[in-house]
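Working notes, beginning with the structure itself.
Residue numbers (my numbering): 631 to 1164.
Written out as structure tokens, the structure reads:
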């Protein structure tokens, strides 16, 4: 009999499923950290929410643990790397609270339009003031959705049923996907300027951190209202508070916050109860959502303990364990290539991802490699719900075509993986190989180079001319940035060239601008100048 620990509060329905499957279940959401560490060695499976910390210390004591189930989406409390090293399956339940998040968004929008919580509080304070709390209709108003994914698209559909005009911005979504739900895609600035209501549904990435700040609020109409049920850090809280104070916008409804729990000392929005509605991260917190994630987590734990793969694994490719060990270098290689591509060109709208396998890599199943590639390309630009099971589904949702091919390479290298990205800005390719000395990038856009595929890089594509290397080296030297390695690839003298430099520290935006200016002075027709950290 397998023993399962439920260390955080979940619905009884999940516990019932475990017990009906013959599991011995310990429900201990209140146990101390010391007791948890002392007893974790007993368990084959564990279900957590966000409170239990499954860090390296805890996992080092989990001698029998085979599976960790996260009843919910986020998994910051789980050390994935350590779990993977120990061969522990980790999964989450990302779709269990989708509808709850959608409905909370709509509820906040309606509350904003009709001043519902403010009027309620006034009555409780023995104040009757119909004029002060007069609202507006949402019919005929424009809802601008930032991020038209799993939740955003469902918000759009329901808003349309209210008679709203829905527009959206999502640089990673194929236009035909938006057309299928009758939502025109606009530029980010157009959505900001044209919307009566703006609802955020983006993951938290470098690009979406403070996606709404002083500049964006200044572009909005005074009647605009903002809703955020996505990530707290997507909005600059101080900037929003100033916009509210200065009547730059009409109001906001915020469910997720830069600092949680919210206190008067850490959130200036609490000063504006008449304009700002705030809830305590309730988007995914409903009875149904709690039931859903508990049921999903319990069913997955039972399935894994019966030697099946989880539906939403976060760390283990779907592959025979012995084959996985042998193929792991190639999975790592293709993941590195995907990460490089994402950080280089992922900010463009991706139309297709192609991968070509050559040589010894063809002795193994390509499926986990291709899944790892798609996940590594999309994860940095979308969100953490992408995994090896749903990567293809997410790509399809986004209108991204994924193809793979193989050739019998006859060159001096016994394995080569080539990744090609077709975007709305152009086509790009990257090839790499695995050698006993490590992972190498050997080709960029068809031009041969050879560098270790790790560390920090500056990549430049330009027209080959004398003086380029010197100008770049001088610019970096002036900023005390050392060049560890450098390669230049070109077909012919004076033709298109690519330079890849490994550097020891990150260049400032000013340094990158200085390099660009120097290259422009040489008339090198710079097509790309990017910093990439692997």
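Every residue gets a Cβ at the ideal spot worked out from N, C-alpha and C, and that includes glycine. Keep in mind that this is a model prediction, so the values were computed, not measured.
In the three-state DSSP reduction, residue 1093 falls in the strand class (E or B).
The beta carbons of residue 967 and residue 1016 sit about 17 Å from each other, so the pair does not count as a contact at 8 Å. In this structure the segment 1128-1141 touches the segment 1079-1086; the number of beta carbon pairs closer than 8 Å is three or more.
Bridge partners of residue 1036 according to DSSP: 987. For residue 1101, the enclosing alpha helix (DSSP H) starts and ends at 1098-1108. Per DSSP, the unbroken alpha helix (DSSP H) holding residue 1147 starts and ends at 1139-1151. Approximately 4 Å separates the beta-carbon atoms of residue 697 and residue 934; this is inside 8 Å, confirming the contact.
In chain order, 932 place their CB closer than 6 Å to the CB of residue 651, counting only its own chain and leaving out the 5 sequence neighbours on each side. In the DSSP assignment, residue 792 falls outside any beta strand (DSSP E), carrying neither H nor E. DSSP places residue 725 in no alpha helix (DSSP H); its state is neither H nor E. Where residue 937 is concerned, there is no enclosing beta strand (DSSP E), because DSSP gives it neither an H nor an E. Here the alpha carbons of residue 993 and residue 1061 stand approximately 19 Å from one another. Looking at the DSSP output, residue 772 sits in a beta bridge with 795.
In summary, residue 756 is exposed, with fewer than 16 beta-carbon neighbours lying within 10 Å of its beta-carbon over all protein chains present. For residue 872, no beta strand (DSSP E) run applies; the uninterrupted alpha helix (DSSP H) run containing it begins and ends at 867-875, by DSSP. Between residue 731 and residue 914 the beta-carbon gap is near 5 Å, inside 8 Å, which marks them as a contact.
Following the DSSP letters along the chain, one finds residue 1022 inside the alpha helix (DSSP H) bounded by residues 1021-1027.
By the C-beta criterion, the segment 761-772 is judged not to be in contact with the segment 971-982, since fewer than 3 inter-stretch pairs fall below 8 Å. Residue 666 has its alpha-carbon roughly 11 Å from the corresponding atom of residue 687. In the three-state DSSP reduction, residue 979 falls in the coil class, being neither helix nor strand.
Here residue 705 is not near residue 1001, since their CB atoms are 8 Å or more apart. Between the segment 898-918 and the segment 878-888 there are three or more inter-stretch CB-CB distances shorter than 8 Å, so the stretches are counted as touching.
Nearest to residue 1027 by C-alpha distance, out of 716, 896, 1008, is 1008.
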